[in-house]
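Enquirer: Pasting a structure below so you can have a look.
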Amino acid sequence: GNINIFSGLEISDAVLNSRPIAVMVENTPDARPQSGLINADIVFEVVDEGGITRFVSVFSSFDAEIVGPVRSSRPYYAEIARGLDPVYVFWGTAPQFYKIIEQLGLDYITPLGDPTDYSNIDANLVVNGIESKRDPTRVSPHNAYTFTPSIKEVAEKLGYSLEGGQSPLTFKVDASELDRGDISNITVDFSGPQYITEFSYDAASNSYLRSVAGYPSIDRESGKQITLNNVIVMITDIVNSGDKAGHMIVRTTQEGKAYYFFDGKMLEGTWSRYSALKPFEFKDESGNAVLFNRGKTWVAMIPEVERLTYGLLLTGPKV
């Protein structure tokens, strides 16, 4: 069958081996509910200046007719994306970061005209074009959206290949009901109350329902809650750069501890990669590649394990 390397799912010929589109999506309270994250194969969530988090959302198995709000890039988001060999979509960045993004050799699209004209960069400027639009019902800069089918058209015009991609994941079939665990309520505290993210295990569907700041993470377009098949928590060095803007520095290479959640269980191990050009490798404590459930995966990167808590599923009599 046509098995997608990012989801392990059988997909239609139309999107076979479709090169991933990695889109920067905002997560401030003003940006919620977001559009399109529900269609992503993998989402990486990492803190940004001021304690906010942003998403590198990776689309390959499914298109998203609308994704957003789209925001600007940072070097570490670009490094995370680069390991997947995607077409990388973001709305501007600080001028000093463009060189870093270009040095990574990323095929990128930033709907701002010529990215080398640094004097003209404004992360909040978005023109309505084939690949982007402003939503008049939302306040700038939380109102910029893109469309993955259109991004593919633009990518082709720019001479970017739509084949390829590198996946950090290897897949297996779901555990049988008897082999599932009862670990639920996985909570990741990225920075503060507005960014506390919870994944609640649903044993019946063997999946995890995402909430943020105490509310279900709903897709703005479909009204459905974001549901994952795997949750990965990576521990790495995250420090403030000390510059005026408070930009963060996030280590995305070498190795670190990792915690994997699927089938209602938790597995400890390590993540590693020794170049930003390579995908992450996820291994168990014995050094074997972890086999994940097919479907959607959420990856949280945090500086210490104390920011991760998880507990048992509370199953009692139905009231």
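Numbering (my numbering), first residue to last: 2 to 320. Yeah, the Cβ is synthetic: ideal placement off N, Cα and C, and Gly gets one too. Note that the coordinates shown come from a computational prediction; the quantities given were computed from them, not determined experimentally.
Excluding the five sequence neighbours on either side, which residues of its own chain have a C-beta within less than 7 Å of the C-beta of Pro318, listed in chain order?
Expert: Confidence is the limiting factor: at Pro318 the pLDDT is only 44, short of 50, which leaves the residue's position unreliable, though a coordinate-based value still follows. Once the five neighbours on either side are set aside, Pro318 has no close Cβ partner at all.
Enquirer: DSSP three-state call for Ile152: helix, strand or coil?
Expert: helix
Enquirer: Mind checking Pro87: buried by the 16 CB within 10 Å criterion, or exposed?
Expert: Counting the other Cβ atoms within 10 Å of the Cβ of Pro87 gives 16 or more, which makes it buried.
Enquirer: Can Ile184 and Met267 be called in contact, C-beta distance under 8 Å?
Expert: yes
Enquirer: Please give the ranges of any beta strand (DSSP E) in the region 14–94, keeping only runs that are unbroken, at least 3 residues long and fully inside the region.
Expert: 22–27, 43–48, 54–60 and 88–90
Enquirer: Given 8 Å as the limit, is there contact between the region 23–37 and the region 168–187, that is, 3 or more CB pairs closer than that?
Expert: no
Enquirer: Between Arg135, Phe45 and Gly93, which lies nearest to Ile67 when the distance is taken from Cα to Cα?
Expert: Arg135
Enquirer: Pick from Val300, Ala23, Ser62 and Gly37: whose alpha carbon is nearest that of Phe191?
Expert: Val300
Enquirer: Is Ala277 buried or exposed, if buried means 16 or more other CB atoms sit within 10 Å of its CB?
Expert: So Ala277 counts as buried.
Enquirer: Ile303 to Gly9, Cα distance in whole Å?
Expert: 26 Å
Enquirer: Any contact between the region 18–25 and the region 59–79? By contact I mean 3 or more CB pairs, one from each, below 8 Å.
Expert: Three or more pairs of CB atoms, one per stretch, sit closer than 8 Å, so the region 18–25 contacts the region 59–79.
Enquirer: Closest to Trp92 by CA distance: which of Ala290, Ile110 and Glu307 is it?
Expert: Ile110
Enquirer: Within 10 Å of its beta-carbon, does Lys158 have 16 or more other beta-carbons around it, so buried, or fewer, so exposed?
Expert: exposed
Enquirer: With 16 other CB atoms within 10 Å as the buried threshold, where does Ser74 fall?
Expert: Counting Cβ neighbours within 10 Å, Ser74 comes out buried, since at least 16 surround it.
Enquirer: Counting along the chain, where does the beta strand (DSSP E) carrying Gln255 start and finish?
Expert: Gln255 to Phe263
Enquirer: Sort Pro96, Ala95, Phe263 and Tyr89 by Cα distance to Gly106 and report the nearest one.
Expert: The residue from Pro96, Ala95, Phe263 and Tyr89 with its alpha-carbon nearest to that of Gly106 is Tyr89.
Enquirer: Flag this pair as yes or no: are the beta carbons of Tyr261 and Gly247 separated by less than 8 Å?
Expert: The answer is no: Cβ separation not under 8 Å.
Enquirer: Would you kindly check if the distance between the Cβ of Phe7 and the Cβ of Ser62 is under 8 Å?
Expert: yes
Enquirer: Using the Cβ count rule (16 or more neighbours within 10 Å means buried), how would you classify Tyr209?
Expert: Buried: at least 16 other Cβ atoms inside 10 Å.
Enquirer: Give the DSSP-derived three-state secondary structure of Leu313 in the structure shown.
Expert: strand
Enquirer: Evaluate Leu229 with the Cβ neighbour count: other Cβ atoms within 10 Å of its Cβ, from every protein chain shown; 16 or more gives buried, anything less gives exposed.
Expert: Classification of Leu229: buried, given that the 10 Å Cβ count is 16 or more.
Enquirer: Just reading off the alpha helix (DSSP H) that Phe98 is part of, what are its end residues?
Expert: Pro96 to Gln104
Enquirer: Jot down the residue ranges of each uninterrupted beta strand (DSSP E) in the region 162–249, minimum 3 residues, whole runs only, in chain order.
Expert: 171–173, 184–190, 197–203, 208–213, 231–236 and 239–241
Enquirer: For Phe263 versus Asn231, is the C-beta distance shorter than 8 Å?
Expert: Yes, they are a contact pair.
Enquirer: If distances are taken between C-alpha atoms only, which option among Leu163, Asn207 and Asp108 comes closest to Leu179?
Expert: Asn207
Enquirer: Pull up the distance between the alpha-carbon of Val44 and that of Arg211, whole angstroms please.
Expert: In a straight line, the C-alpha of Val44 is about 12 Å away from that of Arg211.
Enquirer: So what's Glu307 in DSSP terms, helix, strand or just coil?
Expert: helix
Enquirer: Is Glu269 helix, strand or coil when you go by DSSP?
Expert: Look at Glu269 here: in three-state DSSP terms it is strand.
Enquirer: Can you name the start and end residues of the beta strand (DSSP E) that Leu159 belongs to?
Expert: It is not in any beta strand (DSSP E) - Leu159 carries neither H nor E in the DSSP assignment.
Enquirer: Alpha carbon to alpha carbon, how far is Asn186 from Ser151? Give it in angstroms, no decimals.
Expert: 37 Å
Enquirer: Go ahead and pull the three-state DSSP assignment for Thr147.
Expert: It is a strand residue.
Enquirer: Would you mind working out which of Glu11, Trp272 and Ile227 sits nearest Glu286, comparing C-alpha positions?
Expert: Selected option, being the one with the closest Cα: Trp272.
Enquirer: Give the secondary structure of Lys319 by DSSP, where H, G and I count as helix, E and B as strand, and everything else as coil.
Expert: Confidence is the limiting factor: at Lys319 the pLDDT is only 43, short of 50, which leaves the residue's position unreliable, though a coordinate-based value still follows. The answer is coil: DSSP assigns Lys319 none of H, G, I, E or B.
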